[in-house]
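Sequential numbering from 304 applies to the sequence shown in my numbering.
Glycine included, C-beta positions come from ideal geometry on N, C-alpha and C.
Here the structure is a predicted model, which is why all the values come from computation and not from measurement.
Read through the structure below, which is laid out as structure tokens, and then see the notes.
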Amino acid sequence: MCSFSLNKFPEENNSGIIPVFENTFKEVFQIFNENCIECHSGDDAPNGLHLTSYSEVMNGSENGKVIIPGDPDGSELVKRIKGLSKPKMPLGREKLNDEKINIIISWIEAGAKDADEIIVQEEIIQIKKDPEKDIILFSDVNSIFNKHCIKCHMENGKMGTAPEGFILTSYNDIFRGDERIRIVPGNPSASELLRRIKGKSLPQMPFDGPPYLNSEEIKLVEAWIMQGAKDENGNEAPSITGRKIRLQGILTDKWKLDDIDFEINSSTRIDKKIKTGEQVEVRGIIGTNNEIIVERIKND
Numbered sequence: 304m305c306s307f308s309l310n311k312f313p314e315e316n317n318s319g320i321i322p323v324f325e326n327t328f329k330e331v332f333q334i335f336n337e338n339c340i341e342c343h344s345g346d347d348a349p350n351g352l353h354l355t356s357y358s359e360v361m362n363g364s365e366n367g368k369v370i371i372p373g374d375p376d377g378s379e380l381v382k383r384i385k386g387l388s389k390p391k392m393p394l395g396r397e398k399l400n401d402e403k404i405n406i407i408i409s410w411i412e413a414g415a416k417d418a419d420e421i422i423v424q425e426e427i428i429q430i431k432k433d434p435e436k437d438i439i440l441f442s443d444v445n446s447i448f449n450k451h452c453i454k455c456h457m458e459n460g461k462m463g464t465a466p467e468g469f470i471l472t473s474y475n476d477i478f479r480g481d482e483r484i485r486i487v488p489g490n491p492s493a494s495e496l497l498r499r500i501k502g503k504s505l506p507q508m509p510f511d512g513p514p515y516l517n518s519e520e521i522k523l524v525e526a527w528i529m530q531g532a533k534d535e536n537g538n539e540a541p542s543i544t545g546r547k548i549r550l551q552g553i554l555t556d557k558w559k560l561d562d563i564d565f566e567i568n569s570s571t572r573i574d575k576k577i578k579t580g581e582q583v584e585v586r587g588i589i590g591t592n593n594e595i596i597v598e599r600i601k602n603d
């Protein structure tokens with residue numbers, strides 16, 4: 304998690320009472336640290352908005368100031384945490400409770416003053432579970448998606464519309480009922496999301512890498528999919544039968560894409576120039592047992 308140092312905040316006086324300065328940046332920063340800095344730090348901070356120090360908060364984002372001292376209603380940050388502007392913040396998490404929102408509002412109303420600098424080191428995600436031994440839930444991989452993927456794969460993200468409409472801001476967004484599926488529960492090798500982050504399907508993700516996901520992050524995502532891509536409460540993934548799938552890779556055999564077996568039938572369209580050992584694209588649908596029923600194999 305983030306490590307930080309607090310400097311020169313009020314100390315206990317001779318009366319044994321700690322002076323209270325209502326709604327200082329110290330209190331506001333603690334809210335940012337717990338809920339926001341996971342994304343809003345480092346080189347990949349969405350829209351260049353860093354919340355890791357007072358000066359960065361006040362500098363705002365590429366789109367302008369997010370805090371207007373004395374005017375919480377006109378401050379974009381307040382609009383986002385209230386859900387008045389989209390996307391609501393923090394992404395992929397529960398809305399801030401009223402107490403936390405009111406602390407931020409009161410701080411802005413009082414002029415959004417500094418209380419000495421709080422310096423934060425860039426977050427390093429700590430992998431707390433063993434993918435070979437532990438049960439991996441969506442809550443275990445969500446921080447990885449937040450760090451590497453959400454800046455683009457969200458509504459009104461870094462690239463505007465989410466690439467190919469794929470949104471990663473919540474579990475329901477990942478499996479929502481659009482035509483194409485990117486995760487095949489129980490089958491990591493057939494899951495486009497994993498193939499993209501490994502570079503087996505192109506372009507490798509994240510699109511602005513390197514850096515890409517490290518080996519520990521990849522293993523955790525792979526284990527989550529292998530175990531059925533369950534939600535944060537351990538519930539089974541929704542059925543994906545009949546959903547479309549599109550994968551890139553090397554045709555290593557008839558009919559195998561890298562290490563994935565797939566089924567063809569009399570209606571499967573196969574380009575005439577397809578050869579074993581070449582890069583191809585496989586398009587199909589998901590069968591009742593999450594198998595891939597191929598509709599077309601084409602040169603990539």
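query, result
"V585 (DSSP reduced to helix, strand or coil)", "strand"
"Reduced DSSP secondary structure (H/G/I, E/B, other) of G468", "helix"
"Whether L497 touches E467 by CB criterion (8 Å)", "no"
"Separation of E412 from P372, as counted between CA atoms", "7 Å"
"C-alpha gap between I320 and Q333, whole angstroms", "Residue placement at I320 cannot be trusted, given a pLDDT of 30 that sits under 50; what the coordinates show is reported in the next sentence. Computed Cα separation, rounded: 22 Å."
"Through-space distance from I573 to Q582, alpha-carbon basis", "14 Å"
"Three-way DSSP call (helix, strand, coil) for I567 in this model", "coil"
"Where Q333 falls: helix, strand or coil (DSSP)", "helix"
"Entirely enclosed alpha helix (DSSP H) segments - the region 439-518, minimum 4 residues", "441-451, 474-478, 495-501"
"Proximal residues to R396 (C-beta, below 7 Å), its chain only, five neighbours per side dropped", "N338"
"Given 8 Å, three or more beta-carbon pairs between the region 451-459 and the region 484-493", "no"
"Under 8 Å between C-beta atoms of P390 and H451", "no"
"Nearest-angstrom Cα separation, counted from D511 out to V585", "25 Å"
"Proximity below 8 Å, CB of I577 to CB of I600", "yes"
"Three-state secondary structure assigned by DSSP to D263", "A question about residue 263 goes unanswered here, because the residues of the chain that appear run from 304 up to 603."
"Segment limits, alpha helix (DSSP H) that includes N592", "No alpha helix (DSSP H) holds N592; DSSP gives it neither H nor E."
"Straight-line Cα distance separating L354 from D564", "46 Å"
"Nearest-angstrom Cα separation, counted from V369 out to E379", "5 Å"
"Separation of I588 from D376, as counted between CA atoms", "48 Å"
"Through-space distance from D556 to A348, alpha-carbon basis", "43 Å"
"Cβ-based neighbour list, S504, same chain, cut-off 7 Å, excluding 5 preceding and 5 following", "E495, R498, L550, Q551, G552"
"C-alpha gap between S446 and K575, whole angstroms", "44 Å"
"V597 (DSSP reduced to helix, strand or coil)", "strand"
"Among L387, M392, N366, nearest to F335 - alpha-carbon criterion", "M392"
"Secondary structure of I430, DSSP reduced to three states", "coil"
"I528 versus E598 - alpha carbon distance", "24 Å"
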